[in-house]
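Numbering (the UniProt record's numbering), first residue to last: 1 to 293.
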Ligand code: NAD
């Protein structure tokens with residue numbers, strides 16, 4: 001496992017498991033399997049309604065707490081709740097969180113950042129993250145707060161590499177954590193001929209080539225899966241290196257285009273919260289077209 005040092009000196013594994021749209025029982029099993037295989041980073045969120053399951057998996061894995069890096073996220077409905085960090089700790093069953101994100105730059109995210117900064121100073125969280133923040137929102141945070149965030153978790157993959165945002169983040173050494181690193185399983189992305197060619201060259205799968213590309217781009221990466229074979233494959237990335245020429249070839253598939261347009265979320269966040277709750281807590285599966293595997 002490779003680690004990256006964040007701008008506050010904290011070390012984070014470059015690769016972890018994501019748990020978006022993975023229901024509690026699947027999340028508990030998958031995270032436990034991942035930890036047993038050697039994963040040391042787990043990403044969850046209040047919105048995913050599986051933080052309790054992630055906490056149970058951590059305990060059941062038998063891996064020491066201090067060896068595991070847990071990231072989770074406050075949803076905008078938490079930003080004005082002064083107990084929000086305590087409540088996240090309780091859901092996870094942990095006494096500190098390694099990296100706590102503000103999930104969206106909507107609602108009162110300035111109040112949310114104040115909560116994070118306070119929890120950081122109290123040692124309840126070891127690093128601060130923002131998610132889906134654009135360059136202007138990052139600059140606003142840098143202007144208003146003394147504590148620089150360590151990570152911005154944003155959509156990032158070979159079709160959309162966040163060039164503009166990175167120009168604002170790199171001077172402060174704020175790291176990208178890529179969501180939809182595999183385009184949420186998009187076959188068009190995964191089956192691009194350049195990945196098939198490189199997969200043959202290194203005797204790897206196309207998905208492994210994409211995940212390795214993230215790591216060599218300096219992005220933290222958290223592919224989501226509840227399929228044990230994918231979970232195993234996604235961790236098996238540390239016995240080969242892409243060359244500069246390979247990386248340049250991959251750049252040619254860049255479409256400068258995202259899958260998701262979250263900027264228009266505005267004050268819909270309460271609705272989105274209840275939508276996810278119905279799907280994930282009450283098994284209203286018919287509300288989603290696609291499920292992670
Ligand atoms: P992803 O790009 O990681 O794709 C996951 C899908 O890819 C799986 O459902 C599966 O169908 C497929 N897949 C996984 N491994 C594979 C393999 N080896 N071969 C072939 N197919 C494979 O998308 P994601 O899970 O939505 O994103 C990753 C993580 O990022 C999430 O689980 C979550 O933790 C986080 N996330 C954060 C935000 C945010 O707003 N902050 C948004 C979305 C996701």
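Just so it is clear, CB atoms sit at the ideal spot from N, CA and C, and this is done for glycine as well.
Looking at residue i and ligand 1, is the gap between the Cβ and the nearest heavy atom below 6 Å?
i           : result
residue 39  : no
residue 240 : no
residue 213 : no
residue 150 : no
residue 179 : yes
residue 339 : Beyond the ends of the chain as shown, which are 1 and 293, falls residue 339; an answer cannot be given.
residue 225 : yes
residue 18  : yes
residue 182 : yes
residue 46  : no
residue 207 : yes
residue 58  : no
residue 26  : no
residue 222 : yes
residue 230 : yes
residue 33  : no
residue 153 : yes
residue 285 : no
residue 107 : no
residue 234 : yes
residue 43  : yes
residue 185 : yes
Measuring only the C-alpha atoms, how far is residue i from residue j?
i           : j           : result
residue 228 : residue 30  : 7 Å
residue 239 : residue 255 : 29 Å
residue 248 : residue 175 : 21 Å
residue 224 : residue 17  : 6 Å
residue 207 : residue 152 : 23 Å
residue 113 : residue 19  : 23 Å
residue 14  : residue 217 : 11 Å
residue 277 : residue 132 : 21 Å
residue 111 : residue 205 : 44 Å
residue 58  : residue 73  : 17 Å
residue 2   : residue 201 : 23 Å
residue 86  : residue 116 : 11 Å
residue 103 : residue 150 : 14 Å
residue 25  : residue 60  : 13 Å
residue 142 : residue 136 : 10 Å
residue 53  : residue 185 : 23 Å
residue 126 : residue 263 : 28 Å
residue 215 : residue 96  : 26 Å
residue 212 : residue 242 : 8 Å
residue 90  : residue 161 : 35 Å
residue 76  : residue 63  : 32 Å
residue 5   : residue 12  : 6 Å
residue 232 : residue 34  : 7 Å
residue 93  : residue 198 : 42 Å
residue 274 : residue 71  : 22 Å
residue 183 : residue 109 : 27 Å
residue 269 : residue 173 : 29 Å
residue 44  : residue 222 : 10 Å
residue 267 : residue 246 : 42 Å
residue 56  : residue 281 : 16 Å
residue 27  : residue 40  : 15 Å
Quick check: the region 106 to 122 against the region 190 to 197, are there 3 or more CB pairs under 8 Å? no
If you scan the region 100 to 158 from start to end, which runs of the alpha helix (DSSP H) of 4 or more residues do you find wholly inside it? 109 to 122 and 135 to 144
Going residue by residue through the region 146 to 227, where are the continuous beta strand (DSSP E) segments of at least 3 residues, counting only ones entirely within it? 151 to 155 and 175 to 179
I want to know whether the region 163 to 173 touches the region 79 to 86 - three or more CB-CB distances under 8 Å. no
Write down every uninterrupted run of the alpha helix (DSSP H) in the region 247 to 289 whose length is 4 residues or greater and which is fully enclosed by it, in chain order. 269 to 282
Can you give, in chain order, each stretch of the beta strand (DSSP E) that sits fully within the region 46 to 108 and has at least 3 residues? 69 to 74 and 99 to 102
Would you mind listing the alpha helix (DSSP H) stretches within the region 18 to 44 that are 4+ residues and don't spill past its ends, in chain order? 24 to 37
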